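Have a look at the structure below before the remarks.
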Amino acid sequence: MSETVESVSALIIQKLLANPKVPRDIDGNCKIMEDLAFDSLAVMNFVMEVEDSLDVSVPLDKLADIRTINDLAACIVDLKNKG
Amino acid sequence: MTSLFSKFEGLAGALGSVVAAGGRNPFAVVIEKPVSSTVGIIEGRETLLFGTNNYLGLSQSERAIKAAQAAAETCGVGTTGSRIANGTQSLHRHLERKIADFFKRRDAMVFSTGYQANLGMISALAGKDDYLILDADSHASIYDGSRLSAAQVIRFRHNSPDDLYKRLKRLDAPNSAKLIVVEGIYSMTGNVAPMAEFAAVKRETGAYLMVDEAHSFGVLGEHGRGAAEAEGVEADVDFIVGTFSKSLGTVGGYCVSDHPELELVRLNCRPYMFTASLPPEVIAATGAALEDMIAQPELRRQLMDNAAQLHAGFTKLGLNASKRVSPVIAVTLETVEQAIPMWNRLLELGVYVNLSLPPATPDSRPLLRCSVMATHTAAQIDQALAIFGQAAVECGVPLQPEAA
Chain R
32 MSETVESVSA LIIQKLLANP KVPRDIDGNC KIMEDLAFDS LAVMNFVMEV
82 EDSLDVSVPL DKLADIRTIN DLAACIVDLK NKG
Chain Z
15 MTSLFSKFEG LAGALGSVVA AGGRNPFAVV IEKPVSSTVG IIEGRETLLF
65 GTNNYLGLSQ SERAIKAAQA AAETCGVGTT GSRIANGTQS LHRHLERKIA
115 DFFKRRDAMV FSTGYQANLG MISALAGKDD YLILDADSHA SIYDGSRLSA
165 AQVIRFRHNS PDDLYKRLKR LDAPNSAKLI VVEGIYSMTG NVAPMAEFAA
215 VKRETGAYLM VDEAHSFGVL GEHGRGAAEA EGVEADVDFI VGTFSKSLGT
265 VGGYCVSDHP ELELVRLNCR PYMFTASLPP EVIAATGAAL EDMIAQPELR
315 RQLMDNAAQL HAGFTKLGLN ASKRVSPVIA VTLETVEQAI PMWNRLLELG
365 VYVNLSLPPA TPDSRPLLRC SVMATHTAAQ IDQALAIFGQ AAVECGVPLQ
415 PEAA
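From first to last, the protein sequence lines are chains R and Z.
To convert a position in the first sequence, counted from 1, into my numbering, add 31.
To convert a position in the second sequence, counted from 1, into my numbering, add 14.
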């Protein structure tokens with residue numbers, strides 16, 4: 032298991048595209064709240080889904096620093112490496 | 015220069031459309047005069063109150079009113095200080111003893127509000143090397159307490175002991191203390207926590223367990239001690255927090271525990287230390303309301319009967335009510351476009367309920383949140399149901415009565 036920011040980012044995008052309300056042209060630089068129109072609760076619930084796919088827990092305080100899909104991917108890779 | 019208020023533009027737009035869709039601001043309702051625990055004057059009309067959390071009707075308790083009057087006359091109307099300075103009178107200690115005895119616990123702390131009880135206990139207990147494990151649908155006071163703490167915060171899926179277990183196991187942090195926080199009854203939906211299963215997870219993982227019984231105190235359990243009493247697992251609960259502002263009809267919060275360290279929490283708890291204590295009349299009224307609650311267990315039975323009547327009525331009408339019968343019954347609508355006119359029509363026809371809009375609702379759908387009282391009469395509940403039926407038809411809300 033050696034996830035990279037690119038592979039985690041791709042998985043996040045794949046999960047996001049499963050939601051028909053999400054714009055089709057998203058990439059890793061998209062801002063999760065602004066570009067995807069997610070409210071704070073939707074972000075937390077989405078992160079929960081990603082956590083289960085990758086068997087990792089992202090503490091809520093880390094979310095404060097995350098704006099883009101790539102930020103989230105980098106945070107998850109960092110948490111996985113520490114584990 | 016950037017305006018300090020530019021961040022409110024989205025909110026202003028959202029509020030504007032809510033007001034435009036219904037003709038009034040649902041978050042600025044004024045109860046001009048309470049007539050009784052179940053009826054208030056709103057917009058000049060007598061209105062049935064089905065959204066006040068006043069489960070046992072004790073806001074109008076004669077015993078509590080008299081106790082408040084007597085306390086104000088003998089002790090004055092305020093303490094003018096913090097609990098750890100000049101703000102503790104013998105009344106405060108006496109109420110703490112009464113609350114602790116009621117819960118059969120070693121000690122109790124009384125806070126100025128229920129919000130501060132959660133904010134204070136969670137932030138004081140969970141330090142930077144600890145983990146807080148919160149139910150995803152936790153009340154804002156629990157989330158805010160977790161932000162005020164320096165702990166790592168993990169959410170688990172609402173009311174899922176399996177998901178809680180999985181996330182605790184995933185942590186791999188043997189040297190960190192873990193505090194699980196759940197609620198007895200969830201305030202928006204009326205969902206009841208599976209306490210026995212949560213207690214089993216707590217025992218197996220060695221975590222601590224805190225239960226917020228704000229909406230279940232006085233409501234669940236043979237003696238009204240809440241969801242943990244109802245499922246026979248009080249011994250597994252390290253901390254019970256709650257509020258006086260629902261079943262007891264006053265204001266204030268509490269935490270009870272058998273841990274002797276509660277005495278030290280008093281000196282490490284900012285929302286307890288840096289605010290004025292409750293005034294004597296509120297403390298006295300709260301103690302009297304607790305006596306009322308203990309002396310009248312029939313109130314709890316009447317409350318559950320009333321909840322069952324309202325719930326069955328919603329189901330018969332074909333509205334989508336919470337699955338489980340509890341004194342909080344949320345009617346879920348599919349769209350905000352249905353919910354706003356319906357809420358307004360209910361108020362015009364004489365029923366006040368709470369309008370809850372996403373994202374303050376768990377699944378992005380709007381709720382018409384009702385809270386039932388022991389003091390509602392069967393006729394008042396029938397009248398409210400008839401008004402719900404009429405408003406739903408007039409507002410084009412689809413009804414799907416269950417096949418008989």
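Don't be surprised by glycine CBs; every beta carbon is placed ideally from N, CA and C.
Given the structure is predicted, the values throughout are model-derived calculations rather than measurements.
Within the same chain, Ala241, Ala242, Glu245, Val247 come within 6 angstroms of Z:Met209 by CB-CB distance, once the 5 residues on both sides are set aside. C-alpha of Z:Cys89 to C-alpha of Z:Val296: approximately 11 angstroms in a straight line.
Runs of the alpha helix (DSSP H) spanning 4 or more residues and lying entirely within the region 151-228 of chain Z occur at 154-162, 175-185, 209-219, in chain order. Less than 8 angstroms separates the beta-carbon of Z:Leu413 from that of Z:Gly332.
Between Z:Val255 and Z:Phe41, the alpha-carbon positions lie close to 27 angstroms from each other. Sequence-distant partners of Z:Gly36 (beyond 5 residues in either direction) whose C-beta falls short of 7 angstroms from its own C-beta, in its chain, are Ile354, Pro355, Trp357, Asn358.
Within the region 67-81 of chain R, those residues whose Cβ lies closer than 8 angstroms to any Cβ of chain Z are, in chain order, Asp70, Ser71, Leu72, Ala73, Met75, Asn76, Met79.
Take Z:Asp144, set aside five residues on each side of it, and the residues of its chain with a beta-carbon closer than 6 angstroms to its own are Ala165, Ser190, Ala191, in chain order. Of the candidates Z:Ser160, Z:Asp252, Z:Cys269, Z:Ala214, Z:Cys269 places its Cα closest to the Cα of Z:Ala131. Excluding five sequence positions before and after R:Ser40, the CB atoms of its chain that fall closer than 6 angstroms to its own CB belong to Gly59, Ile100, Asn101, Ala104, given in chain order. A straight line joining the alpha-carbon of Z:Leu234 with that of Z:Lys142 spans about 34 angstroms. Close to chain Z, meaning a Cβ-Cβ distance shorter than 7 angstroms, are the following residues of the region 85-104 of chain R: Asp86, Ser88, Pro90, Leu91, Asp92. Rounded to the nearest angstrom, the gap between the Cα atoms of Z:Ser155 and Z:Ile136 is 9 angstroms.
Distance between Z:Gly267 and Z:Ala228, taken at the CA atoms: about 9 angstroms. Judged by DSSP in its simplified three-state form, Z:Cys89 adopts helix. In chain R, no part has a C-beta under 8 angstroms from the C-beta of Z:Ile136; the shortest such distance is about 13 angstroms. From the beta-carbon of Z:Arg383, no residue of chain R is found nearer than 8 angstroms; the closest lies around 17 angstroms away.
In the DSSP assignment, Z:Ile56 forms a beta bridge with Z:Arg59. Proximity of chain R to Z:Val167 at the Cβ level (cut-off 8 angstroms) is accounted for by Pro90, Leu91, Asp92, in chain order. Separation of the CB atoms of Z:Pro380 and Z:Pro372 is rounded to 7 angstroms, and the pair is thereby assigned contact status at 8 angstroms.
Counted as a single uninterrupted DSSP element, the beta strand (DSSP E) harbouring Z:Ile343 occupies residues 342-346. For the pair Z:Ile395 and Z:Leu324, the CB atoms are nearer than the 8 angstroms cut-off. Taking a Cβ-Cβ cut-off of 8 angstroms, Z:Pro285 has no neighbours in chain R, whose nearest Cβ is about 19 angstroms from it. Put simply, the CB of Z:Leu185 is near chain R, with a gap under 8 angstroms to one of its CB atoms. Cβ atoms of Z:Leu369 and Z:Leu382 come within 8 angstroms of each other, at about 7 angstroms.
One thing to note: Z:Leu262 has its Cβ within 8 angstroms of the Cβ of Z:Leu72.
Below 8 angstroms, enough C-beta pairs join the region 209-226 of chain Z and the region 174-185 of chain Z to call them touching: three or more. Per DSSP, the beta-bridge partners of Z:Asp149 are Z:Phe170. Here Z:Gln103 has Cys89, Thr93, Pro294 as same chain residues with Cβ atoms under 7 angstroms from its own Cβ, once five neighbours each way along the sequence are excluded. Within the same chain, and ignoring the five residues on either side of Z:Thr389 in sequence, the residues whose Cβ sits closer than 7 angstroms to its Cβ are Ser51, Thr52, Gly71. DSSP places Z:Ala122 inside the beta strand (DSSP E), whose first and last residues are 121-125.
The beta carbons of Z:Val43 and Z:Tyr286 sit about 32 angstroms from each other, so the pair does not count as a contact at 8 angstroms. Contacts between Z:Pro373 and chain R, judged by CB atoms closer than 8 angstroms, involve Asp70, Ser71, Leu72, Ala73 in chain order. Secondary structure note for R:Ile57: it is in no alpha helix (DSSP H), with a DSSP letter that is neither H nor E. Short of 6 angstroms from the beta carbon of Z:Gly54, and not among the five residues preceding or following it, lie these beta carbons of its own chain, in chain order: Ile45, Pro48, Thr61, Leu63.
For Z:Tyr129, the uninterrupted alpha helix (DSSP H) segment begins and ends at 128-139.
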